[in-house]
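To start, the structure itself, in structure tokens.
In full-length UniProt numbering, the protein residues as written are 1 to 152.
Written out as structure tokens, the structure is:
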């Protein structure tokens with residue numbers, strides 16, 4: 001498999017710094033051959049990139065970009081724990097979308113994360129997934145993404 005770091009570079013992306021937890025948890029934990037990444041907010045350079053509800057203050061297109069940042073943050077958390085090179089499969093992705101009343105486009109928003117994993121890992125980036133609309137997310141974030149990776 002082509003290296004994930006090389007793929008990220010080809011896409012013009014680099015792993016951000018690991019986002020510090022906003023409460024009593026760790027960014028990622030390994031159990032057996034799986035790494036469970038805590039929910040990642042769309043943080044960049046220590047700042048939340050947007051706030052608000054998708055379908056009201058945040059467009060679905062912008063929310064998909066934010067979900068992509070969440071996925072990058074998830075990769076950074078996994079990398080800090082075990083090294084990106086050890087990820088052999090994206091197993092499961094769960095995306096939460098702070099949704100305005102009547103907004104039902106959660107799957108399209110979370111595609112931002114899913115498509116990034118596919119671009120980085122190819123076939124190994126195909127995963128099971130849930131996309132859930134919620135009333136509120138931490139810090140007023142529009143989207144949050146968690147992931148489970150299989151590692152070698």
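A virtual CB, placed ideally from N, CA and C, is assigned to each residue, including glycine.
Looking at the unbroken alpha helix (DSSP H) that takes in residue 238, where does it start and where does it end?
Residue 238 falls outside the range modelled here, since the chain spans only 1 to 152, and no answer is possible.
Reference residue 141; option with closest CA among 14, 12, 44 and 6
44
Residue interval of the beta strand (DSSP E) (run including residue 56):
Unbroken run through residue 56: none, as it is neither H nor E.
With respect to the beta strand (DSSP E) encompassing residue 31, which residues constitute its N-terminal and C-terminal limits?
Segment 28-31, the beta strand (DSSP E) holding residue 31.
Residue range of the unbroken beta strand (DSSP E) whose run includes residue 89:
87-98
Short Cβ contact (8 Å threshold) for residue 55 with residue 3
no
Need the endpoints of the alpha helix (DSSP H) that residue 80 sits in, please.
Element bounds for residue 80: 60-82.
CA-to-CA distance, residue 60 to residue 19, given in whole angstroms
When rounded, the distance between both Cα atoms is 24 Å.
Taking 8 Å as the cut-off, decide whether the C-beta atoms of residue 67 and residue 145 are in contact.
yes
Taking its Cβ as the centre, do 16 or more other Cβ atoms sit within 10 Å of residue 89, making it buried, or is it exposed?
buried
Option in 106, 11, 96 and 112 with minimal Cα separation from residue 39
Nearest in C-alpha terms to residue 39, of all of 106, 11, 96 and 112, is 96.
Taking the C-alpha atoms as reference points, what is the distance between residue 52 and residue 151?
35 Å
As assigned by DSSP and simplified to three states, the class of residue 46:
DSSP, reduced to helix, strand and coil, places residue 46 outside both helices and strands of the structure shown, so it counts as coil.
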